[in-house]
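These protein sequences, in sequence, are chains V and W. So in this note's numbering, the last one in the first sequence is 539, and the numbering has no gaps at all. So in this note's numbering, the last one in the second sequence is 324, and the numbering has no gaps at all. Every residue, glycine too, gets a C-beta built ideally from N, C-alpha and C. Keep in mind the model is a prediction, meaning the values are calculated, not measured. Below: the structure, in structure tokens.
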Amino acid sequence: MARSLRLRDFTGASALALGAALGASLGALMPAAPAMAQTLNFAVGAPVTSIDPHYHNLSPNNALAGHIFESLADFDPRHRLGPGLAESWRVVDENTWEFKLRRGVKFHNGQDFTAEDVAFTIARVPTVPNSPSSFAIYTRAAREVQVVDPYTVRIRTNGPYPLMPVDIASIYMLDSQTHRDPKTEDFNSGRLAVGTGPYRFVSYRPGDRVELARNDAHWGERQPWERVNYRMITNDSARTAALLAGDVDVIDQVPTSDIARLRSDQRTALAEITSLRIIYLHLDRSRPAGQPTPMITDNNGQPIPNPLHDGRVRRALSMAIDRKAIVERVMEGAAIPSGQFLPPGTYSYAPGLQPPAYDPDGAKRLLAEAGLPNGFRISLHGPNDRYMNDARIIQAIGQMWTRIGVRTEVQPLPWTTFTARAGRQEFAAFLVGWGSGTGEASSPLRSLVATFDRNTGFGAANRGRFSNPEMDGLLRQALGTVDDERREQILIRATEVAMRDVGIIPIHNQINYWAHRRAVQVTARADELSQAMSVRPAR
Amino acid sequence: MTPPPAEGTIVAKPAATPAPDSEVQAETAPAAVRVETPLRRFIVDFCDSPLALFGLAVFAVIAFIAIFAPWISPQNPYDLAQLDIMDGRLEPGSQSMDGKTFYLGTDDQGRDMMSGIFYGLRISLLVGAGSALIALLVGTTLGLTAAFFGGRVDSVIMRIVDLQLSFPTILVALMILAILGKGIANVVLALVIVQWAYYARTVRGSALVERRREYIEAAQCLALPNRRILFRHLLPNCLPPLIVVGTMQVAHSISLEATLSFLGVGVPITEPSLGLLIANGFEYMLSGKYWISFYPGIALLVTIVSINLVGDHLRDVLNPRLQK
Numbered sequence: 001m002a003r004s005l006r007l008r009d010f011t012g013a014s015a016l017a018l019g020a021a022l023g024a025s026l027g028a029l030m031p032a033a034p035a036m037a038q039t040l041n042f043a044v045g046a047p048v049t050s051i052d053p054h055y056h057n058l059s060p061n062n063a064l065a066g067h068i069f070e071s072l073a074d075f076d077p078r079h080r081l082g083p084g085l086a087e088s089w090r091v092v093d094e095n096t097w098e099f100k101l102r103r104g105v106k107f108h109n110g111q112d113f114t115a116e117d118v119a120f121t122i123a124r125v126p127t128v129p130n131s132p133s134s135f136a137i138y139t140r141a142a143r144e145v146q147v148v149d150p151y152t153v154r155i156r157t158n159g160p161y162p163l164m165p166v167d168i169a170s171i172y173m174l175d176s177q178t179h180r181d182p183k184t185e186d187f188n189s190g191r192l193a194v195g196t197g198p199y200r201f202v203s204y205r206p207g208d209r210v211e212l213a214r215n216d217a218h219w220g221e222r223q224p225w226e227r228v229n230y231r232m233i234t235n236d237s238a239r240t241a242a243l244l245a246g247d248v249d250v251i252d253q254v255p256t257s258d259i260a261r262l263r264s265d266q267r268t269a270l271a272e273i274t275s276l277r278i279i280y281l282h283l284d285r286s287r288p289a290g291q292p293t294p295m296i297t298d299n300n301g302q303p304i305p306n307p308l309h310d311g312r313v314r315r316a317l318s319m320a321i322d323r324k325a326i327v328e329r330v331m332e333g334a335a336i337p338s339g340q341f342l343p344p345g346t347y348s349y350a351p352g353l354q355p356p357a358y359d360p361d362g363a364k365r366l367l368a369e370a371g372l373p374n375g376f377r378i379s380l381h382g383p384n385d386r387y388m389n390d391a392r393i394i395q396a397i398g399q400m401w402t403r404i405g406v407r408t409e410v411q412p413l414p415w416t417t418f419t420a421r422a423g424r425q426e427f428a429a430f431l432v433g434w435g436s437g438t439g440e441a442s443s444p445l446r447s448l449v450a451t452f453d454r455n456t457g458f459g460a461a462n463r464g465r466f467s468n469p470e471m472d473g474l475l476r477q478a479l480g481t482v483d484d485e486r487r488e489q490i491l492i493r494a495t496e497v498a499m500r501d502v503g504i505i506p507i508h509n510q511i512n513y514w515a516h517r518r519a520v521q522v523t524a525r526a527d528e529l530s531q532a533m534s535v536r537p538a539r
Numbered sequence: 001m002t003p004p005p006a007e008g009t010i011v012a013k014p015a016a017t018p019a020p021d022s023e024v025q026a027e028t029a030p031a032a033v034r035v036e037t038p039l040r041r042f043i044v045d046f047c048d049s050p051l052a053l054f055g056l057a058v059f060a061v062i063a064f065i066a067i068f069a070p071w072i073s074p075q076n077p078y079d080l081a082q083l084d085i086m087d088g089r090l091e092p093g094s095q096s097m098d099g100k101t102f103y104l105g106t107d108d109q110g111r112d113m114m115s116g117i118f119y120g121l122r123i124s125l126l127v128g129a130g131s132a133l134i135a136l137l138v139g140t141t142l143g144l145t146a147a148f149f150g151g152r153v154d155s156v157i158m159r160i161v162d163l164q165l166s167f168p169t170i171l172v173a174l175m176i177l178a179i180l181g182k183g184i185a186n187v188v189l190a191l192v193i194v195q196w197a198y199y200a201r202t203v204r205g206s207a208l209v210e211r212r213r214e215y216i217e218a219a220q221c222l223a224l225p226n227r228r229i230l231f232r233h234l235l236p237n238c239l240p241p242l243i244v245v246g247t248m249q250v251a252h253s254i255s256l257e258a259t260l261s262f263l264g265v266g267v268p269i270t271e272p273s274l275g276l277l278i279a280n281g282f283e284y285m286l287s288g289k290y291w292i293s294f295y296p297g298i299a300l301l302v303t304i305v306s307i308n309l310v311g312d313h314l315r316d317v318l319n320p321r322l323q324k
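Given below as structure tokens:
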């Protein structure tokens, strides 16, 4: 009895002492804590290649540029278009768009943002030297930019062009005074990294980090972070480990194998949203029907006429893929099976197109109907370092095709080698992804399945050279329709035609994940952009 | 010699059988004493070390598994039609959809890890032994030539060797595979190119010592052809260090192949070797699915350690200075 009493006394005393010590240390920490909380450490998985916002059209670059620079229109996290540096826009006549600019916007160096700057920026975009992936596709439709007054600008096009606000949203605005001689190196050194954005540029160490500081003169809502360390940690495990160790507050491109763990961990949480990125297969039809294509032979290794010209064979290959199994087993739930370009809930999503049902027996029957009862041999290519689990997905598809008699050799390649060879039509079937930047089906229809035409830029990424005149006609009609509701209906019809003819084989839409410490909250973005503006301290 | 007959019972039979036995012993035992061939002494010396014997036994088991993999594996891990993605990442001991047991679990593609390891050992040993053997032939020939002819031939060959040894092996192998592309034959070629120099240098060292000996001079006085002197007289006397280096290099090339495959430049992805199996499971380590990397890792470790145990003891046995 006495003993237990003494024990209780002891614990009581120690608890008191502990409490006192804690209180003291907390008190000592108090002044430091707010300053700590105002720095955000954000780790991204893909390196930023330049600070110049018009140099390289690449998601990681665009995400970073969005801190420093702004454009006339802005996409919200669910990729709906809203006002940006322009407060409103309207169609004046069928060849003219008018943008009303926000007043009182200043660049980081104090210069005013005016209509002159818009004209200057649109003129600069196509002139950036050595751009690996140009932004000029977004300014091509702008035939002439007319400055009406300092806060009104009109853009003239050749014929009706409904996508102008969407296109212009991808162009970050520069200042005609500050950026008189804009060299990409001067952006990277920081001298010209001057925009209107919510954060100012502090420093850039390529491959390591970009440091940003809050722009207190920004016109919009005040940002909670005084400083942002935007770090690039390309190794998946290292990024996860940095988050768990508390070195960083947020990471993007969460490895699927770590999702379950980060969700259950007491210290971390996940933010997720269905991405606008579709993972799909191109099938080669670049050579005339009746001729062989590389990477396809009969079962004895002899060349055969390209069977992919036959719609039944293409449909069989699509039906043979168990999309649910890929989503569950390979992606560990980080995707949704897909039967078209866009995820449900987006503008121009075709509700009638469900993911093709898994039907290996039906696929075999279709192959037999097409005169290939014993299947054939094919090589399936894809990148191994670009998309979530890319090499694993093509291995799984290899299994499924082999099971219907299409003996598949799986060949993952590094992205740089892969794209060069895919662009030269060296492959028969290959996996790629497409993020619909405009948030509507016109983007993938125009780039992936429209008949290839070097002059108009149609089918620019149509590496399989699919071609369907009916689809082309519908697409052209849609691109000339300014009325949003009518355009949506035409786009849905065009999508249905492309999918029924198996222009591509859609696999799944990725789900974008950000993992974060519980001390912060993250709003997931459908367009994959990793930005400090999406992060707030948790309440 | 003959054991005393056991009490009672069968006396005649045991008494009759020992006789031929003792005859055999009488014939062989003195012969062993009389002609102690180097080989016999070597075997006796080698059996001294239980550790080395153990290494040899383990290696024999591994070699057996590797050779007979297609017959003893529950599954052909290289046949895509036999894999089912729905069986992916199962724990050791789980049942597959059609009732088979995966004793060591499955990888992310639903590949039985045990079959994968058996086939992986096959590739490892094939690549290890194959490349070591070819490198040995090339290196020995060049090393002997350098030592025997000396002068300019020696300088040229040995400068190439120096050049070769001044680059990190893994870097050279990566470069070669980047140019040639994936595939087992290319891996073997890359390993031969990075390894022949070790043999050349070893052989030249001992051959330089040997060629000043009288028996070489005698052979030269007899006007024997160079080829005969090189391969019949010089080479046999340079063998001991070569055997040691050869054994160690087999282990080295196995681990090099694993490294290259781990980095994704070795074998094709649908025909994984041990290194690629480890790489496939590497990402799952943090999420607790240890078996995808762990068991191939253990298999690789055991293989290399067993070869090294044998190699270490070989060095002791073949080094006359260490003989008591």
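Own chain residues within Cβ distance below 7 Å of residue i, not counting five before or after
| i | result |
| --- | --- |
| V/Val502 | Gly311, Arg314, Arg315 and Ser318 |
| W/Lys100 | Pro74 |
| W/Val250 | Gly128, Ala129, Ala132 and Ile307 |
| V/Asp347 | Before going on, a small fix: residue 347 of chain V reads as Tyr here, not Asp. If we look at V/Tyr347 and ignore the five residues flanking it on each side, its Cβ neighbours are Gly439, Glu440 and Glu488. |
| V/Tyr387 | Ile279 and Gly433 |
Beta-carbon proximity check, residue i vs residue j, cutoff 8 Å
| i | j | result |
| --- | --- | --- |
| V/Tyr55 | V/Ser131 | yes |
| V/Ser176 | V/Asp265 | no |
| W/Leu242 | W/Thr202 | yes |
| V/Tyr230 | V/Val254 | no |
| V/Ala320 | V/Val327 | no |
Alpha-carbon spacing of residue i relative to residue j, whole angstroms
| i | j | result |
| --- | --- | --- |
| V/Gly582 | V/Arg143 | Outside the displayed span of chain V (1 to 539) sits residue 582 of chain V, for which this structure offers no information. |
| V/Arg329 | V/Thr178 | 52 Å |
| W/Gly110 | W/Ile123 | 20 Å |
| V/Thr172 | W/Met113 | It is worth fixing the name first, because residue 172 of chain V is Tyr in this sequence and not Thr. Roughly 51 Å between the two C-alpha positions. |
| W/Pro272 | W/Tyr78 | 8 Å |
| W/Ile134 | W/Glu36 | 32 Å |
| V/Ala524 | V/Pro77 | 7 Å |
| V/Pro344 | V/Ala63 | 24 Å |
| V/Gln395 | V/Phe452 | 29 Å |
| V/Leu475 | V/Thr402 | 36 Å |
| W/Gly205 | W/Leu235 | 12 Å |
| W/Arg227 | W/Tyr199 | 19 Å |
| W/Leu301 | V/Gln340 | 48 Å |
| W/Val310 | W/Pro92 | 32 Å |
| V/Ala519 | V/Val250 | 10 Å |
| V/Val574 | V/Ala260 | Lying before the first or after the last residue shown, residue 574 of chain V is absent from chain V, which here runs from 1 to 539. |
Close-in-space but distant-in-sequence residues of the same chain around residue i (CB under 6 Å, 5 per side omitted)
| i | result |
| --- | --- |
| V/Asp52 | Thr184 and Phe187 |
| W/Lys289 | Arg89 |
| V/Gln411 | Ser379 and His381 |
Whole-Å CB distance - residue i paired with residue j, under 8 Å assumed
| i | j | result |
| --- | --- | --- |
| V/Ala494 | V/Ala515 | Rounded, the Cβ-Cβ distance is 38 Å, inconsistent with contact. |
| V/Gly435 | V/Glu528 | 7 Å |
| V/Arg463 | V/Ala422 | 5 Å |
| V/Asp216 | V/Thr240 | Not a contact, Cβ separation roughly 34 Å. |
| V/Ser71 | V/Asn61 | Incorrect: roughly 14 Å between the Cβ atoms, too far for contact. |
| V/Leu262 | V/Thr268 | 5 Å |
Beta-carbon contacts of residue i that lie in its chain and below 8 Å, excluding the five residues immediately before and after
| i | result |
| --- | --- |
| W/Val265 | Leu174, Leu177, Ala178 and Lys182 |
Just by C-beta distance, which residues in the region 258-273 of chain V are closer than 7 Å to chain W?
Asp258, Ala260 and Arg261
Taking any Cβ of chain V, which residues in the region 264-278 of chain W have a Cβ under 8 Å from it, in chain order?
Gly264, Pro268, Ile269 and Thr270
Determine which residues of the region 208-241 of chain V have a Cβ less than 7 Å from any Cβ of chain W, and write them out in chain order.
Asp236, Ser237 and Thr240
Going along the region 384-398 of chain V in order, which residues come within less than 8 Å of chain W, judged by CB to CB distance?
Asn384, Ala391, Arg392, Gln395, Ala396 and Gly398
Selection of the region 152-173 of chain W by Cβ proximity to chain V, strictly under 8 Å:
none
To be precise: take each residue of the region 406-432 of chain V, compare its Cβ to all Cβ atoms of chain W, and keep it if any distance is under 9 Å. Which residues remain?
Arg407, Thr408, Glu409, Val410, Gln411, Pro412 and Pro414
If contact means a Cβ-Cβ distance below 9 Å, which residues of the region 314-331 of chain V contact chain W?
Asp322, Ala325, Ile326, Glu328, Arg329 and Val330
Interfacial residues, the region 102-118 of chain W to chain V, with Cβ spacing under 7 Å:
Asp108 and Gln109
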